[in-house]
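Just so you know, the sequence shown maps onto residues 19 to 494 in our numbering. Positions of the beta carbon are idealized from the N, C-alpha and C atoms, including for glycine. Note that the coordinates shown come from a computational prediction; the quantities given were computed from them, not determined experimentally. Input: a single structure, listed below in structure tokens.
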Amino acid sequence: MTEPKHGIVLGGGWAGMLAAHVLARHLERVTVVERDVLPDGPRHRKGSPQGRHVHVLWSSGARIVDTLLPGMIDQLLDAGARRIGFHQDLVTLTSHGWQHRFPPRQYALMCTRPFLDWKVRDRVLATGRIALRQRAEILDLVGDAKRVSGVRVRDMDTGARETLEADLVIDASGRGSRLRHWLSALEVPPLDEDIVDAGIAYATRVYQAPPGAAAGFPAVNVAADHRLREPGRFGVVYPQEDDTWMVTLSCTRGAGLPAHDDDFLPYARTLRHPLVADLIALAKPLTSVAVSRVGANRRLYPERLEIWPEGLLVLGDALAAFNPIYGHGMSSAARAAAALDTELQRSGTDVGATRRAQQAISATVDDPWIMAASKDVEYVNCRMSATDPRLTGGAVARQRFSDLISERSIRSSAVCDVVTDVISLTAPQSELASNGFLSLMHKDRVLPELTEPPLTAEELALVKLTPRSTVSAGGS
């Protein structure tokens, strides 16, 4: 089939909209099938419970989005999103101490998830080449183990059932995807699945930032120390649009989580440093606590099957979902969309093209997968069911090497640059094992250890906090 005409995307979230936009560049028609009614503004929806917590779009993903949708990032910034330079605009307590605020190497876009989804969705749908079927439930795939030729859907309001034919179907339906069930009905062999579940849970409130603080005060991140061998507690204060702060407190399995408004500040005071609690104690809460307990790392391996149905692809959280604390989900979806675009340019939907495209898409999730999964394995009470040899063997040596890199990167500018490139998905994780990086670990100048958050007196004055000591914020 050298002249594909119709593509169907299952799911109208971030990954689905980017995939639909890519398909519209190559196919005559594209239909997005979505269970929810997608809001016409920056509002939460039932099908995206994680959207109430902090999200970041790393610079690698932002650059891809800007390539697919020219000028999109500037539009987001003009509308109120905040660009955070890593690590100049961020104050972080890592497991090994305070991170020096080195000049920015990469950046992250910070804003609420509904705001980001809405802006990108509006831009994607504005072309008029993508049809949106809302309140539609996917019943099953049409076809067999050799080829998928469409989907059967049910109108959730009328109950009417319908078959939609397509040359290409993309599952972007998120963590709730029923792909394994659908494939079983087509007699496709079971997909391998890895799960690394640290029991992560999140509680979030939105606050009105003090005047000038949303733009003039750095983002704050207080992490747990896995070496203590106790359940981890985390807290972040991230600037958002409309001069607000989003504050997310999280924990791994075994630690309590604040489910009520009155418990939120006391929980923040149990973190390794009082900075998060000090900030929110002086800010006005705008929302009640929103809680989510969906944060396990989960990955499917369609690329391992000897036979994969032509006309079917899977990406986004339906393929690989990560602990959201690392902020890789949206950038990984953007990387998958870019890989899809490249493969469609190369060979459309010729025989074998779908399998090659799936292999390329799966390759884009490997780095964020191993970074998130190998980190979560370090926490007590983590539950793992995995075949990835990088997770099942050499855990002690891997953790020692990771700790060594962490200790050095918070105090060495050059080492920090490479680590930031990797964390932002700008450079491959293999870079951390290169001869150049290992040499850099020994050669670069190491700054003194910080004993307090690297905040200037001017920044502290913005939030009406008294400096405990004078600390340079410039990484020198």
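Q226 has T262 and K302 as its beta-bridge partners, per DSSP. Assignment of V171 by DSSP, reduced to helix, strand and coil, places it in the strand class.
Inclusion of N453 and G272 in the CB contact set at 8 Å is not warranted, their separation being larger than that value. Counting only the Cα atoms, R141 lies some 21 Å from T360.
By the neighbour-count criterion, in which a residue is buried when 16 or more other Cβ atoms sit within 10 angstroms of its Cβ, K393 is buried. Take S427, set aside five residues on each side of it, and the residues of its chain with a beta-carbon closer than 7 Å to its own are V433, C434 and V437, in chain order. Here L111 really is in contact with H291; their C-beta atoms are around 5 Å apart, less than 8 Å. Going by beta carbons, A227 and D261 fall inside the 8 Å limit. Distances from the CA of G115 to each of T474, P485 and D421 were compared; the closest alpha carbon is that of D421. Residue range R131 to L143 is occupied by the alpha helix (DSSP H) that includes D135, with no beta strand (DSSP E) assigned at that position. Taking each of A241, E321, H199 and R322 in turn and checking the Cα distance to T288, the smallest one comes out for A241. Every beta strand (DSSP E) of 3 residues or more that sits fully in the region 65-108 is shown, in chain order, as 74-76 and 100-104. At a cut-off of 4 residues, the continuous stretches assigned as alpha helix (DSSP H) that sit fully inside the region 298-373 are 347-365. Cα atoms of E396 and Q417: separation of roughly 8 Å, rounded to the nearest angstrom. Leaving aside the five residues that flank R172 on each side, the residues in its chain whose CB is nearer than 6 Å to its CB run, in chain order, E155, L157 and R179. Out of D54, D185, Q93 and G65, the CA that lies nearest to the CA of V48 is found in D185. Of W200, T405 and L127, the smallest CA-CA separation from S349 is found for L127. Secondary-structure assignment with DSSP links M389 through no beta bridge to anything.
The continuous beta strand (DSSP E) containing E155 extends over residues A154 to G161. Counting of Cβ neighbours within 10 angstroms places L304 among the exposed residues, the total staying below 16. The alpha carbon of S430 has as its nearest neighbour, out of D462, D406, M402 and R401, the alpha carbon of D462. Partner residues in a beta bridge of P121, as assigned by DSSP, do not exist. Taking the Cα positions, A415 is about 45 Å away from D162. Under the DSSP assignment, L186 falls in the beta strand (DSSP E) whose first and last residues are L186 to D189. Contact check for E259 and A99: beta-carbon distance about 6 Å, within the 8 Å limit, so the pair qualifies.
DSSP places R408 in the uninterrupted alpha helix (DSSP H) bounded by P407 to T410.
In the pairwise beta carbon analysis, the region 63-74 is classified as touching the region 308-317: at least three pairs are separated by under 8 Å.
Within a 10 Å sphere around the beta-carbon of I325 sit fewer than 16 other beta-carbons, which makes this residue exposed. In the structure shown, L28 adopts extended strand secondary structure according to DSSP, grouped into three states.
Taking 4 residues as the shortest admissible run, the region 429-466 contains the following complete alpha helix (DSSP H) segments, listed from N- to C-terminal end: 431-441 and 453-461. Counted as a single uninterrupted DSSP element, the beta strand (DSSP E) harbouring E183 occupies residues R179 to E183.
Partner residues in the beta bridge of P257, as assigned by DSSP, are W263. A Cβ-Cβ distance of about 18 Å is found for the pair W136 and P257, leaving them out of contact under the 8 Å criterion. Between the region 51-60 and the region 73-90, the count of Cβ pairs shorter than 8 Å is below three; the stretches do not touch. DSSP places I423 in the uninterrupted alpha helix (DSSP H) bounded by A413 to S427. Rounded to the nearest angstrom, the Cβ distance from V265 to R223 is 5 Å, consistent with a contact under 8 Å.
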